[in-house]
Amino acid sequence: MTILIVEDNPTNAMILKHLAKKVTEEEIRIEADASAALKVCHNTLFSMLIVDHMLPGMTGLQFVKAIRMMARYDKIPVVMVTADQEPGLRDAARAGGVTDFLTKPVEAVAFRSLLSSYLGQQAQPSARAS
Numbered sequence: 528m529t530i531l532i533v534e535d536n537p538t539n540a541m542i543l544k545h546l547a548k549k550v551t552e553e554e555i556r557i558e559a560d561a562s563a564a565l566k567v568c569h570n571t572l573f574s575m576l577i578v579d580h581m582l583p584g585m586t587g588l589q590f591v592k593a594i595r596m597m598a599r600y601d602k603i604p605v606v607m608v609t610a611d612q613e614p615g616l617r618d619a620a621r622a623g624g625v626t627d628f629l630t631k632p633v634e635a636v637a638f639r640s641l642l643s644s645y646l647g648q649q650a651q652p653s654a655r656a657s
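So for the sequence shown, my numbering puts the first residue at 528; every next one is plus one.
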């Protein structure tokens, strides 16, 4: 399976990819544009999505809402990462289909732990908490 990172800042995208590679051997694809990422998601099923909130053209939340309308993405973990400190964003993200939420700068240990947790749940569905 493959992880998709939707992040328009090349430095941030490479940091997220580097951190993810510390905990998984899955392929990691990076898309800088949310519209392009949506098109890719129509043709490819990713095992996890890591999405920036502030993207050109549409917000990360708009992207996640569009993804959640695709039946095959209804159970895929989506982690939103953002430097945006807007009050209520975390609640809006969860209501919009975001599984988990991290603020930038992303803390390496927390990010790797989160990825390990979600990827481990997918590998062993019987171990999922209800």
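C-beta: ideal position from N, C-alpha, C; glycine also.
When you compare each of ILE555, LEU543 and ILE603 to ALA635 by their alpha carbons, which one comes out closest? Stepping through the sequence shown from its first residue, residue 635 is reached at position 108. When only C-alpha atoms are compared, the closest one is LEU543.
Measure from the alpha carbon of ALA620 to the alpha carbon of each residue in SER643, ALA598, PHE638 and ILE577, then state which is nearest. The residue given as residue 620 occupies position 93 in the sequence shown. Closest option to ALA620, Cα to Cα, is ILE577.
Sort ASP601, LEU616, MET597 and VAL567 by Cα distance to LEU588 and report the nearest one. For the purposes of this step, residue 588 is taken as residue 61 along the sequence shown, with counting starting at 1. Among ASP601, LEU616, MET597 and VAL567, the Cα nearest to that of LEU588 belongs to LEU616.
So what's PHE573 in DSSP terms, helix, strand or just coil? What you label residue 573 is simply residue 46 of the sequence shown in a count that begins at 1. The answer is coil: DSSP assigns PHE573 none of H, G, I, E or B.
Quick one: Cα of ARG595 to Cα of LEU565, how far? On the sequence shown, residue 595 is found 68 positions in, with the first residue counted as 1. On the sequence shown, residue 565 is found 38 positions in, with the first residue counted as 1. Rounded to whole angstroms, ARG595 to LEU565 spans 11 Å at the Cα level.
In three-state terms, what does DSSP make of LEU582? Here the question's residue 582 lines up with position 55 in the sequence shown. Of the three classes helix, strand and coil, the one that applies to LEU582 here is coil, per DSSP.
Any heavy atom of the ligand GTP closer than 7 Å to the Cβ of VAL605? No copy of the ligand GTP occurs in the structure displayed, which carries no ligand at all.
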